[in-house]
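**Q** Mind looking over this structure? Questions follow.
2 protein chains.
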Amino acid sequence: MSTIRDVAKIAGVSIATVSRVINFPEKVGIETRKRVFRAMEVCRYKYNALARGFATKRSHTFGLIVPTITNPIFAESTRGIQDFANEQGYQVILGNSDYQYEKEAKMVEVLRERQVEGLIITTTNLKGETLKSLLDDRFPFVLLYSTVRRGPISAVGVDNFLGGYRATEHLIHFHHRRIAMLAGAFNCSDRSFHRWHGYKRCLKDNHIPYDPDLVLKTEYSLARGREGVKSLVSFKNPPTAIFCSNDFLALGAMAGAREAGISLPQDLSIVGFDDMQIASSVTPALTTIRQPAYEMGELGAKILLHHIGNKVYKPVHKILATRLVIRESTTVVRTMKKEFYKTKAMSVHGA
Amino acid sequence: MSTIRDVAKIAGVSIATVSRVINFPEKVGIETRKRVFRAMEVCRYKYNALARGFATKRSHTFGLIVPTITNPIFAESTRGIQDFANEQGYQVILGNSDYQYEKEAKMVEVLRERQVEGLIITTTNLKGETLKSLLDDRFPFVLLYSTVRRGPISAVGVDNFLGGYRATEHLIHFHHRRIAMLAGAFNCSDRSFHRWHGYKRCLKDNHIPYDPDLVLKTEYSLARGREGVKSLVSFKNPPTAIFCSNDFLALGAMAGAREAGISLPQDLSIVGFDDMQIASSVTPALTTIRQPAYEMGELGAKILLHHIGNKVYKPVHKILATRLVIRESTTVVRTMKKEFYKTKAMSVHGA
DNA sequence: CCCAATAATGTAACTGTTTACATTCTCAAT
DNA sequence: ATTGAGAATGTAAACAGTTACATTATTGGG
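Residue numbers (this note's numbering), protein chains in the order written: chain A, 70 to 420; chain B, 70 to 420.
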């Protein structure tokens with residue numbers, strides 16, 4: 070509507086003075102300042118932050134790309150980012166990639182055109198091309214939920230390998246030996262891959278043979294979790310426990326198990342990954358590997374802001390601690406005990 | 070980095086021509102066009118959408134305010150908004166109000182300074198002041214999850230009264246007579262208020278006396294749901310069913326009931342409101358009133374875009390249909406039956 | 001009373017596009 | 001050859017701020 074020039078005219082000062090009362094009021098004489106404020110009232114002046122961004126080449130905007138804001142774990146980290154960003158006078162433009170490379174790359178482009186000052190990319194399968202151009206241009210960005218621990222790209226994440234290991238270990242402590250995994254999709258990020266490695270390694274360390282039939286690579290969703298258990302449970306020799314690569318899968322698996330008439334956790338132990346808010350309130354409450362999502366977002370935003378502020382670019386890598394939260398969806402093996410003894414007897418018999 | 074002028078210089082054309090190849094390539098001779106594209110490659114030209122926005126006074130940006138993106142139901146409608154907006158070349162800046170008036174008002178101001186072309190405000194307790202200034206300025210905005218059905222403000226929402234009525238009615242069909250309500254907070258939006266009215270009315274229509282002790286006005290959260298049941302259940306004459314004003318409350322109530330040793334749904338029926346994604350996958354699966362959140366977001370964005378495009382402002386009000394989704398968390402009253410017969414016997418005795 | 005330092009204010013260029021309008025060019029119809 | 005229409009291209013102003021630099025006013029010390 071009305072601009073700085075209108076205000077200047079009404080107040081009888083120059084536009085520079087108006088600009089100063091907006092940005093450095095103390096640099097302007099008290100009387101003039103008052104006059105300017107009054108003039109602003111008069112013409113209902115509204116500051117134009119976009120014009121300012123244009124003039125200063127600072128948009129005070131972050132771009133944020135998540136697979137889908139619909140997943141509570143990403144909503145959580147998004148809050149962490151927003152809260153920090155807003156506090157620092159930044160706003161965030163949010164885009165969804167749906168785990169698709171093309172959408173992600175497109176979004177990066179769109180956001181850069183919009184002159185966001187930096188990008189937070191949450192779990193990525195960006196091809197080298199996009200990443201390289203970001204790097205070449207020294208464009209500030211940080212990866213969230215990332216597994217990278219070195220190299221030129223800043224990243225914050227958790228130790229997915231360790232998380233997978235701990236989850237599996239917990240199950241083994243409860244005497245499970247036949248442990249399946251709903252592993253997520255390997256093509257869309259390497260987090261699921263690392264969790265799977267942790268699982269495999271833990272099996273190995275405990276002298277449990279790895280059975281590839283027990284790991285299902287599926288997309289992260291309730292539906293896939295539900296289907297997953299059903300197929301697992303129909304095996305001649307079904308698992309007594311499942312490690313799910315995220316909570317959606319775990320929650321879906323619980324629902325599926327129930328539909329299949331399996332009682333939880335007695336007949337099937339389930340552990341998830343993420344610890345989304347609802348995990349503690351379902352029945353049975355979900356045992357899971359907690360990721361500090363909010364903190365991760367907050368930290369990512371902090372790092373990004375730091376990159377924006379400093380011309381020398383020094384990548385930083387942060388690994389946040391996960392935590393095994395033991396609740397009710399896991400218990401010591403039961404059905405398998407029978408099996409176990411039976412097998413033993415048979416092997417004695419056979420010897 | 071490099072601007073349209075650099076490109077122009079390299080290609081040996083005027084800046085207007087470069088601008089034209091970007092916006093109306095067909096208006097430029099094929100040869101020149103090629104030369105310009107080549108020049109862009111050479112200097113790695115990047116389009117500056119912010120400068121364009123400044124020049125055209127169109128930011129191609131929506132502002133979106135939600136209580137918190139952390140609530141899956143708002144994440145759902147946010148996706149609806151984003152998907153439509155992106156498709157139309159718009160981006161969305163997201164802000165959280167945490168159900169607080171001040172934050173909401175602040176966010177409106179910040180977003181307007183940023184020259185968003187319109188605002189989608191999702192459930193608001195905006196005071197007249199802010200709303201009035203939006204209206205006075207003819208600033209395009211639409212309310213989501215709104216209860217307003219007439220007047221100068223565009224709004225889309227559901228019939229909360231009817232939803233509350235239906236939920237209660239469902240419980241009554243199952244012979245519940247002592248029905249509590251976890252009602253949400255009345256000060257932060259009138260949706261909970263309407264749901265409560267639906268509940269009251271349904272009680273009345275069925276000749277069940279309204280007992281104010283049975284309605285707890287609490288904030289929308291798992292924790293409050295959990296606390297809520299516990300207090301309800303400790304009554305000398307506890308309810309046999311609870312209608313919860315949203316799914317968080319309902320899910321929290323289920324967890325709380327379980328902790329109190331109550332078996333669901335036999336001893337306590339629970340119905341929620343929203344139908345968030347997880348509602349169908351918990352145990353027992355939650356009976357709830359479904360709101361079409363994604364569609365609501367999409368529709369809201371459509372209406373907003375329409376307002377932006379048309380200078381004459383004609384407010385529109387849309388009420389989307391809710392649906393009672395019956396699952397497993399509600400069943401015919403059991404414990405109450407005893408009570409019921411006993412009471413009957415007594416009354417006979419007393420007669 | 002003068003000078004220098006400092007505070008207050010003004011001038012004008014700059015940011016990267018778009019766009020109305022002007023100019024030039026091409027070509028077909030006269 | 002002349003004209004006029006239409007296509008291709010160029011010129012320059014506008015958008016709403018910021019900011020380096022210049023100018024003017026004020027003040028305190030000599």
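Every residue gets a Cβ at the ideal spot worked out from N, C-alpha and C, and that includes glycine.
Quick caveat: nothing in here was measured; it's all calculated off a predicted structure.
Whose CA, out of B:Leu333, B:Ala326 and B:Asn315, lies closest to the CA of serine 300 (chain B)?
**A** Serine 300 (chain B) has its Cα closest to that of B:Ala326, out of B:Leu333, B:Ala326 and B:Asn315.
**Q** With 8 Å as the threshold, decide whether the Cβ of histidine 418 (chain B) is near any Cβ in chain A.
**A** Note that histidine 418 (chain B) has pLDDT 41, beneath the 50 cutoff, so the model's placement of it is unreliable and the number below is only indicative. So, not an interface residue.
**Q** Please identify the residue among B:Gly232, B:Ser202 and B:Glu288 whose C-alpha is closest to the C-alpha of alanine 322 (chain B).
**A** That would be B:Glu288, whose Cα lies nearest to the Cα of alanine 322 (chain B).
**Q** I'd like to know whether the C-beta atoms of isoleucine 189 (chain B) and isoleucine 142 (chain B) end up nearer to each other than 8 Å.
**A** No, they are not a contact pair.
**Q** Mind checking serine 258 (chain A): buried by the 16 CB within 10 Å criterion, or exposed?
**A** Buried: at least 16 other Cβ atoms inside 10 Å.
**Q** Quick check on DSSP: helix, strand or coil for leucine 163 (chain A)?
**A** Note: leucine 163 (chain A) maps to strand in three-state DSSP.
**Q** Of all the CB atoms in chain A, is at least one closer than 8 Å to the CB of isoleucine 150 (chain B)?
**A** So no, isoleucine 150 (chain B) is outside the interface.
**Q** List the residues of chain A that threonine 357 (chain B) touches, going by C-beta distances under 8 Å, in chain order.
**A** Residues of chain A passing the Cβ test: none, with the nearest at roughly 14 Å.
**Q** With DSSP as the reference, please indicate the residues paired to cysteine 313 (chain B) in a beta bridge.
**A** Bridge partners of cysteine 313 (chain B): B:Leu251.
**Q** Is the region 107-119 of chain A close to the region 180-194 of chain B, with three or more CB pairs under 8 Å?
**A** Because the criterion of three Cβ pairs below 8 Å is met, the region 107-119 of chain A and the region 180-194 of chain B touch.
**Q** If you draw a straight line from the alpha carbon of isoleucine 162 (chain B) to that of arginine 264 (chain A), how long is it in whole angstroms?
**A** Cα to Cα, isoleucine 162 (chain B) sits roughly 33 Å from arginine 264 (chain A).
**Q** Provide the residue(s) that pair with serine 223 (chain B) in DSSP beta bridges, ordered along the chain.
**A** Answer by DSSP bridge pairing, in chain order: B:Val211.
**Q** Run down chain B in chain order and give the residues with a C-beta less than 7 Å from the C-beta of alanine 116 (chain A).
**A** This sequence places tyrosine at residue 116 (chain A); alanine is not what is there. Those are Glu182, listed as they occur along chain B.
**Q** Taking 8 Å as the threshold (C-beta atoms), are serine 338 (chain B) and threonine 309 (chain B) in contact?
**A** Yes, the Cβ-Cβ distance between threonine 309 (chain B) and serine 338 (chain B) is below 8 Å.
**Q** At a Cβ threshold of 8 Å, is glutamine 360 (chain A) touching chain B?
**A** Judged by the 8 Å Cβ criterion, glutamine 360 (chain A) is not in contact with chain B.
**Q** Based on the DSSP output, what are the partners of histidine 386 (chain B) in its beta bridges?
**A** According to DSSP, which records beta bridges pairwise, histidine 386 (chain B) is partnered with B:Ala224.
**Q** Per DSSP, which residues does valine 87 (chain B) bridge with? Please list them.
**A** Looking at the DSSP assignment, valine 87 (chain B) forms no beta bridge with any residue, so it has no partner.
**Q** Going by C-alpha distance, which of B:Lys103, B:Ser128 and B:Leu119 is nearest alanine 424 (chain A)?
**A** Nothing in the structure corresponds to residue 424 (chain A), since chain A is present only between 70 and 420.
**Q** Tell me, please, whether the CB atom of methionine 323 (chain A) is closer than 8 Å to any CB atom in chain B?
**A** Taking Cβ atoms only, chain B reaches closer than 8 Å to methionine 323 (chain A), which makes this a yes.
**Q** So, with DSSP's three-state summary, where would you put leucine 283 (chain B)?
**A** It is helical.
**Q** Residues in the same chain with beta-carbon distance under 6 Å from glycine 122 (chain A), minus the five sequence neighbours each way, listed in chain order, please.
**A** Cβ neighbours of glycine 122 (chain A) beyond the five flanking positions: Ser128.
**Q** Enumerate in chain order the residues of its own chain whose CB-to-CB distance from serine 88 (chain A) is below 8 Å, with the five nearest sequence positions on each side excluded.
**A** Contacts found: Ile73.
**Q** Taking 8 Å as the threshold (C-beta atoms), are serine 261 (chain B) and glycine 267 (chain B) in contact?
**A** Going by C-beta atoms, glycine 267 (chain B) is not nearer than 8 Å to serine 261 (chain B).
**Q** Strictly under 8 Å for the Cβ-Cβ distance: is leucine 138 (chain B) near chain A by that measure?
**A** Correcting the residue type first, residue 138 (chain B) is isoleucine in the shown sequence and not leucine. At least one chain A Cβ lies under 8 Å of isoleucine 138 (chain B).
**Q** Can you pull the chain B neighbours of proline 221 (chain A), defined as C-beta to C-beta under 8 Å?
**A** Residues of chain B passing the Cβ test: none, with the nearest at roughly 19 Å.
**Q** If alanine 224 (chain B) sits next to histidine 386 (chain B), beta carbons under 8 Å apart, how far is it from one beta carbon to the other, in whole angstroms?
**A** Alanine 224 (chain B) to histidine 386 (chain B), Cβ: 5 Å. Contact.
**Q** Here's a check: name, in chain order, each residue in its chain whose Cβ is nearer than 7 Å to the Cβ of valine 394 (chain A), leaving out the five neighbours to either side.
**A** The answer, listed in chain order, is Asp344, Thr356, Thr357 and Arg359.
**Q** Using C-beta distances below 6 Å, list every residue in its chain close to valine 298 (chain B), excluding the 5 sequence neighbours before and after it, in chain order.
**A** Excluding residues within five positions, the ones whose Cβ falls inside 6 Å are Ala322, Gly325 and Ala326.
**Q** For isoleucine 99 (chain B), count the other beta carbons within 10 Å of its own beta carbon; 16 or more makes it buried, fewer makes it exposed. Which is it?
**A** With fewer than 16 Cβ atoms within 10 Å of its Cβ, isoleucine 99 (chain B) is classed as exposed.
**Q** Which residues in chain A sit within 9 Å of proline 315 (chain B), going by Cβ to Cβ distance?
**A** It is asparagine, not proline, that sits at residue 315 (chain B) in the sequence shown. Residues of chain A passing the Cβ test: none, with the nearest at roughly 13 Å.
**Q** Would you kindly work out how many angstroms separate the C-alpha atoms of histidine 242 (chain B) and methionine 176 (chain A), rounded to a whole number?
**A** Cα to Cα, histidine 242 (chain B) sits roughly 50 Å from methionine 176 (chain A).
**Q** Let me know the secondary structure DSSP gives aspartate 343 (chain B) once reduced to three states.
**A** DSSP places aspartate 343 (chain B) in strand when its eight states are reduced to three.
**Q** Could you give the distance in angstroms between the alpha-carbon of leucine 320 (chain A) and the alpha-carbon of aspartate 152 (chain A)?
**A** Those two C-alpha atoms are separated by around 29 Å.
**Q** Shorter than 8 Å from the beta carbon of alanine 120 (chain B) to some beta carbon of chain A?
**A** So, interface residue.
**Q** At a CB-CB cut-off below 8 Å, which residues of chain A make contact with proline 141 (chain B)?
**A** Going along chain A in sequence order, the residues near proline 141 (chain B) (Cβ under 8 Å) are Thr139, Pro141 and Ala144.
**Q** With DSSP as the reference, identify every bridge partner of phenylalanine 131 (chain B), one or two as the case may be.
**A** Looking at the DSSP assignment, phenylalanine 131 (chain B) forms a beta bridge with B:Val161 and B:Gly187.
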